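Student:
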Amino acid sequence: MRVFLEYLRNDERFQLDAPRLRRGAAAYAPSFYAPYVLAAAVAEEGGGRVVVAPDAEAAARLAGDLSVYLDAAVPVIPARGVLYGAPVAPAPHVVGARQRALAELDAGGVVVAEAVALLERFLPLDLQPSPLKLAPGAEIGFDATVARLVELGHQRVEQVRARGEFAVRGGLIDVYPALGDPLRIEFWGDEVERLRTFSVYSQRTTGDAGATTVFAAFEADASRPEYVDGLRRAAAEWEREGREDTPEELDRRAAVRALAALAGHFTTLGDCAAAAGLAWAVFDPDETWRALADFDGELAATMPDVDLRERLYLPLADVRTLLAGASQFDVVPRDQAIRFAASRPQFAARDLAGAERDLTRLVNDDYRVFVVFRHAGEAERATYRLRNVSAEVVTPEQLARLGEAGPGLYFLAAPLREGFVSEDLKLAVINERALLRAAPRER
58 MRVFLEYLRN DERFQLDAPR LRRGAAAYAP SFYAPYVLAA AVAEEGGGRV
108 VVAPDAEAAA RLAGDLSVYL DAAVPVIPAR GVLYGAPVAP APHVVGARQR
158 ALAELDAGGV VVAEAVALLE RFLPLDLQPS PLKLAPGAEI GFDATVARLV
208 ELGHQRVEQV RARGEFAVRG GLIDVYPALG DPLRIEFWGD EVERLRTFSV
258 YSQRTTGDAG ATTVFAAFEA DASRPEYVDG LRRAAAEWER EGREDTPEEL
308 DRRAAVRALA ALAGHFTTLG DCAAAAGLAW AVFDPDETWR ALADFDGELA
358 ATMPDVDLRE RLYLPLADVR TLLAGASQFD VVPRDQAIRF AASRPQFAAR
408 DLAGAERDLT RLVNDDYRVF VVFRHAGEAE RATYRLRNVS AEVVTPEQLA
458 RLGEAGPGLY FLAAPLREGF VSEDLKLAVI NERALLRAAP RER
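Residues in the sequence shown are numbered from 58 upward in steps of one, following my numbering.
#1: Going straight from the alpha carbon of Asp328 to that of Gly354, what length do you get?
#2: With DSSP as the reference, label Leu492 as helix, strand or coil.
#3: Short of 7 angstroms in beta carbon distance, which residues of its chain neighbour Asn445, apart from the five on each side in sequence? Order them along the chain.
#4: Am I right that Pro453 and Ala433 are in contact with their C-beta atoms under 8 angstroms? What's the rounded C-beta distance?
#5: Can you find at least 3 beta carbon pairs, one from the segment 67–85 and one from the segment 138–153, that sit closer than 8 angstroms?
#6: At which residues does the beta strand (DSSP E) containing Thr269 begin and terminate?
#7: On the DSSP bridge list, what partners appear for Trp346?
#8: So Arg220 packs on Pro149, CB below 8 angstroms; how close in whole Å?
#9: Taking the alpha carbon of Val99 as the reference point, which residue from Gln385, Val173 and Glu177 has its own alpha carbon closest?
#10: In three-state terms, what does DSSP make of Glu454?
#11: My guess is that Gly287 and Ala315 are in contact by the Cβ rule of under 8 angstroms, so how many angstroms apart are they, rounded?
#12: Between the C-alpha atoms of Leu189 and Arg401, what's the straight-line distance to the nearest angstrom?
#13: With a Cβ-Cβ cutoff of 8 angstroms, do Arg59 and Tyr126 count as a contact?
#14: Buried or exposed, going by whether 16 or more other CB atoms sit within 10 Å of the CB of Asp122?
#15: Report whether the distance from the Cβ of Leu419 to the nearest heavy atom of the ligand MG is below 7 angstroms.
#16: Give the DSSP-derived three-state secondary structure of Leu159 in the structure shown.
#17: Go ahead and pull the three-state DSSP assignment for Glu63.
#18: Near Lys483, which residues of its chain fall below 6 angstroms by C-beta distance, leaving aside the five closest residues on each side in sequence?
#19: Report the CB separation of Thr262 from Thr254 in whole angstroms; it is logged as a contact under 8 angstroms.
#20: Is Ala235 closer than 8 angstroms to Val169 when the C-beta atoms are compared?
#21: Which stretch, first to last residue, makes up the alpha helix (DSSP H) that contains Gly434?
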């Protein structure tokens, strides 16, 4: 749906405001409209961007909307979820998501970062285990694959049940990667003959899989000498303390402590973004700074040693400096010099006939009305139910070829969460679920 951005990019007022946004001006747009405006700003400037969101939920929603508008995957850099020094490591899916997003950042793409992730120092990509690429027909070696999964922090078990585990069964390797579905790797000698997904509950295959990437389930490359030495020292310390933990528990705690021992190699998101030449943007600054201040206060309370804290985390003042020139996208109206107005699609119709009247009114007012469905089949079927207005079913590819559409009603399939109605652009993007208002429940 990148073609949608042209409606805003061709707007005269946006052309005047875009340079000010690049210089760090604050802009207001309602929360349901801000992703569209932000995507247009990214497309206008070109290149990559790190967008900071207040929390995990906001980051996931924003990344999903940006992915739709930019026609490109926008990964999320989540916070680690645990403090350095805690007896547990981040969950495998968090580690995998961070590695995937950092790779996109390193390549100069667009990523969304959870606010707290800006404060966390971490190992750079070249000190993390390299992802394992799998594809049918690839000759990667059976034993070599087992070794690589260990390096990637996956634990070998008898039967795979959880993320970050793998099992060897004859000429098969079952792995539940940090990201993605459980995968069964079938070998013919050292060649990957087939990749299939499977259920961890029934252990039965569920379908064929194509090329895939297995990301790290643990943050450090377990094969690096520095990590191995740190692991040995940490294990010896646990033994001297006489802890009555199981060997598996001791290994896990030792691994977490060994990771913290690599703090001398840590980097920050700011350094990574600077190396990739990326600009910054902040979505919902009020909530973002509140989240940063809360986490900084938690750090001060749980880690009073300032030197230790600053070895593992970035001072809040440094984050303020980092984001001083970032574009600011407020979702609360105040005295912002730049304002993007839109309304949320709200229809009072309780049946299709009423919805048709609302859509017809917009079309008669010269709006380009796009109703977004989850699946193409639903869009096709919806056209047959219309009685008083006609709709054209289009694909994003068709829109890209045609350019800006004229006034009319269009149906298309896209995973868009929310829409908007912009009077200035004469553009309405409506999720099909917003067309009909639910009937009141009987008491």
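Think of the CB as a built atom: it goes at the ideal place given N, C-alpha and C, for glycine as much as any other residue.
Quick caveat, the model's predicted, so the values are computed rather than measured.
Tutor: Reading off the structure:
#1: 23 angstroms
#2: coil
#3: Glu413 and Thr417
#4: That belief does not hold up - the Cβ atoms of Pro453 and Ala433 are roughly 11 angstroms apart, past 8 angstroms.
#5: no
#6: Thr269 to Val271
#7: BP columns for Trp346 are empty, so no partner.
#8: 4 angstroms
#9: Gln385
#10: helix
#11: 4 angstroms
#12: 44 angstroms
#13: yes
#14: buried
#15: The ligand MG is not part of this structure, which contains no ligands at all.
#16: helix
#17: helix
#18: Asp423 and Tyr424
#19: 7 angstroms
#20: no
#21: Ala433 to Arg442
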